[in-house]
Amino acid sequence: MSASEYEKVAEGIQIRKGLARRKIDCFVFDIDGVLIDVTQSFRKAIVETVKKYCGLVGIGKVEFGPEEVRKFKNAGSFNDDWELTYAAVLYFILKKNGAVKGLEEYLKMVVEHGEGIVGAKKVAVKCSACAEDIEKFWDVSEENEMNKIFEEFYFGKLYSKVYNEKNEYYFDEGFVETEKALVSKSLLDNVPGKLGAFTGRTKAETDYGLNRIGIARYFDCLVCMEDVKKKKPDPEGLVKCIERMKCKKENACYIGDGESDVRAAKSAGVLFIAVINGVADEKLMKKLEAEVILENTSDLLDAVKYFCE
Numbered sequence: 000m001s002a003s004e005y006e007k008v009a010e011g012i013q014i015r016k017g018l019a020r021r022k023i024d025c026f027v028f029d030i031d032g033v034l035i036d037v038t039q040s041f042r043k044a045i046v047e048t049v050k051k052y053c054g055l056v057g058i059g060k061v062e063f064g065p066e067e068v069r070k071f072k073n074a075g076s077f078n079d080d081w082e083l084t085y086a087a088v089l090y091f092i093l094k095k096n097g098a099v100k101g102l103e104e105y106l107k108m109v110v111e112h113g114e115g116i117v118g119a120k121k122v123a124v125k126c127s128a129c130a131e132d133i134e135k136f137w138d139v140s141e142e143n144e145m146n147k148i149f150e151e152f153y154f155g156k157l158y159s160k161v162y163n164e165k166n167e168y169y170f171d172e173g174f175v176e177t178e179k180a181l182v183s184k185s186l187l188d189n190v191p192g193k194l195g196a197f198t199g200r201t202k203a204e205t206d207y208g209l210n211r212i213g214i215a216r217y218f219d220c221l222v223c224m225e226d227v228k229k230k231k232p233d234p235e236g237l238v239k240c241i242e243r244m245k246c247k248k249e250n251a252c253y254i255g256d257g258e259s260d261v262r263a264a265k266s267a268g269v270l271f272i273a274v275i276n277g278v279a280d281e282k283l284m285k286k287l288e289a290e291v292i293l294e295n296t297s298d299l300l301d302a303v304k305y306f307c308e
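Residue numbers 0 to 308, in numbering that gives the first Met the number 0, belong to the letters of the sequence shown in order.
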């Protein structure tokens with residue numbers, strides 16, 4: 000969908016042309032990039048874990064930063080940061096062995112083979128020249144160990160208290176301490192309906208993150224990684240959150256910032272509100288036909304009057 004098919008109704012607010020007004024009494028939020036700025040926490044944890052793993056499997060020093068993380072996110076089906084980290088290390092193994100020249104080529108291959116971690120594994124298995132390095136990687140990277148390294152970077156010194164086990168890889172202050180609120184308590188106080196959150200975070204990450212910035216009490220329902228069998232873009236968690244609040248899908252909206260968020264909302268038949276917050280890809284949100292696009296989460300209350308009855 001082109002930019003011309005959206006109307007700028009106010010500063011920071013774009014509405015898809017022809018969008019009918021409807022009753023909305025259920026507001027479900029994604030957390031990362033919507034309620035909380037995670038550019039220096041989760042995104043940084045991905046980067047540091049990838050670098051750590053590349054060292055563990057003998058690849059050596061690699062160039063990997065926030066821009067590369069963004070490209071993974073925009074490729075779709077990488078809502079899970081643990082899976083993104085895994086796929087990124089596979090990329091560097093393939094690159095080391097000459098199987099791919101760059102990240103764009105790799106991500107295109109991943110999408111062609113099934114998207115997300117499924118596609119990444121299929122691409123890796125097909126690389127015969129990578130067999131030895133892939134085997135070494137799989138020997139080191141048991142899922143629980145990879146997750147442990149990631150969570151140590153995220154929680155830092157708090158890791159031992161959260162998970163009741165000792166730190167092994169990172170001992171300084173956790174990246175979580177850099178997180179900042181993207182939404183005010185005043186806004187949450189005045190949203191005209193029930194509030195829920197559907198996130199790819201673990202329960203521990205969700206509880207600590209929301210309590211740390213003082214907004215946990217506003218939410219009637221939280222659906223986290225452990226609460227679903229299928230991850231985004233599957234709509235299971237979104238539907239579950241709406242049902243737990245005893246609301247109807249036709250009266251609900253989902254506020255998110257990524258491709259997997261849009262796809263989950265579309266699959267559930269729920270109105271989608273995209274927030275950019277200086278990070279998300281506005282062109283991608285329009286291409287995926289988000290009904291409402293906000294420059295910042297703080298624009299939500301002003302936007303409601305343009306699409307709600």
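Virtual Cβ for every residue (Gly too), placed ideally from N, Cα, C. Remember, it's a predicted structure, so these values are computed and weren't measured experimentally.
- Query: Which residues in the same chain have their Cβ closer than 7 Å to the Cβ of Glu336, if we skip the five residues on either side of it in sequence?
  - Reply: Residue 336 cannot be examined here, being either before or after the span of the chain that is shown, 0 to 308.
- Please look up how many angstroms separate the CB atoms of Val261 and Met224, rounded, as I've assumed it's under 8 Å. Actually they are not in contact, since the Cβ atoms of Val261 and Met224 sit about 19 Å apart, beyond 8 Å.
- Output the distance between the C-alpha atoms of Lys193 and Leu187, rounded to the nearest integer angstrom. Separation of Lys193 and Leu187 (C-alpha to C-alpha, rounded to the nearest whole angstrom) is 10 Å.
- Query: Taking only runs of the beta strand (DSSP E) that begin and end inside the stretch 145-229, which ones reach a length of at least 3 residues, in chain order?
  - Reply: If you keep only unbroken beta strand (DSSP E) runs of at least 3 residues inside the stretch 145-229, you get 193-197 and 220-222.
- How is the beta strand (DSSP E) around Cys240 delimited, first residue to last? In the DSSP assignment, Cys240 falls outside any beta strand (DSSP E) and lies within the alpha helix (DSSP H) extending over Glu235 to Arg243.
- Task: Could you tell me whether the stretch 10-28 touches the stretch 246-259, using the rule of 3 or more Cβ pairs below 8 Å?
- Result: The way I'd put it, the stretch 10-28 does touch the stretch 246-259; three or more beta-carbon pairs between them come closer than 8 Å.
- Query: Measuring CB to CB, does Leu102 end up less than 8 Å from Glu67?
  - Reply: Yes, the Cβ-Cβ distance between Leu102 and Glu67 is below 8 Å.
- DSSP three-state assignment for Gly255, whether helix, strand or coil: Of the three classes helix, strand and coil, the one that applies to Gly255 here is strand, per DSSP.
- Item | Proximity winner among Asp36, Cys129 and Glu6, relative to Gly57 (alpha-carbon distances) | The shortest C-alpha separation from Gly57 is found at Cys129.
- Message: Looking only at its chain, what residues have a beta carbon closer than 8 Å to the beta carbon of Gly208, apart from the 5 residues adjacent to it on each side?
- Response: For Gly208, where only same-chain residues beyond five positions count, the Cβ hits under 8 Å are Ile30, Ile35, Val175, Glu178 and Arg200.
- Item | Arg262 (DSSP reduced to helix, strand or coil) | DSSP places Arg262 in helix when its eight states are reduced to three.
- Message: If distances are taken between C-alpha atoms only, which option among Ala302, Lys7, Val238 and Lys125 comes closest to Pro191?
- Response: Distance check between Pro191 and each of Ala302, Lys7, Val238 and Lys125 places Ala302 closest, using alpha-carbon atoms only.
- Does Leu187 get closer than 8 Å to chain B when you measure Cβ to Cβ? Going by chain labels, chain B is absent from the structure shown, which holds only one protein chain.
- Helix, strand or coil at Arg15 [DSSP, three-state]: Look at Arg15 here: in three-state DSSP terms it is strand.
- Task: Within 10 angstroms of the Cβ of Glu258, are there 16 or more other Cβ atoms? Answer buried if so, exposed if not.
- Result: Classification for Glu258: buried.
- Item | Rounded separation between Ala9 and Asp298 - CA only | Those two C-alpha atoms are separated by around 10 Å.
- Message: What residue range does the alpha helix (DSSP H) around Ile116 cover?
- Response: Its alpha helix (DSSP H) spans residues Gly115 to Val124.
- Query: Taking Cβ positions, are Val222 and Val33 nearer each other than 8 Å?
  - Reply: With a cutoff of 8 Å on beta-carbon distance, Val222 and Val33 are scored as not near each other.
- Tell me whether Asn163 is buried or exposed, calling it buried when 16 or more other Cβ atoms sit within 10 Å of its Cβ. Around the beta carbon of Asn163, fewer than 16 other beta carbons sit within 10 angstroms, so the residue counts as exposed.
- contact_flag[the stretch 37-55, the stretch 78-93] where n(CB pairs < 8 Å) is 3 or more: Touching, yes, given that three or more Cβ pairs across the two stretches are closer than 8 Å.
- Through-space distance from Ile116 to Asp171, alpha-carbon basis: Roughly 30 Å separates the two Cα atoms.
- Task: Could you check the C-alpha separation between Asn96 and Phe218 for me, to the nearest Å?
- Result: So the two alpha carbons sit approximately 48 Å from each other.
- For Lys121, collect the residues of the same chain with a Cβ closer than 7 Å to its Cβ; drop the 5 residues on either side in sequence, then sort them by chain order. Its chain contains His112 and Gly113 as the residues whose beta carbon lies nearer than 7 Å to that of Lys121, once the 5 sequence neighbours on both sides are disregarded; these appear in chain order.
- Query: Hey, would you say Asp233 sits closer than 8 Å to Ala196, going by beta carbons?
  - Reply: For Asp233 and Ala196, no; Cβs fall outside 8 Å.
- Task: Please report how far the alpha carbon of Arg216 lies from the alpha carbon of Val109, in whole angstroms.
- Result: Annotation: Arg216 to Val109 spans about 40 Å, alpha carbon to alpha carbon.
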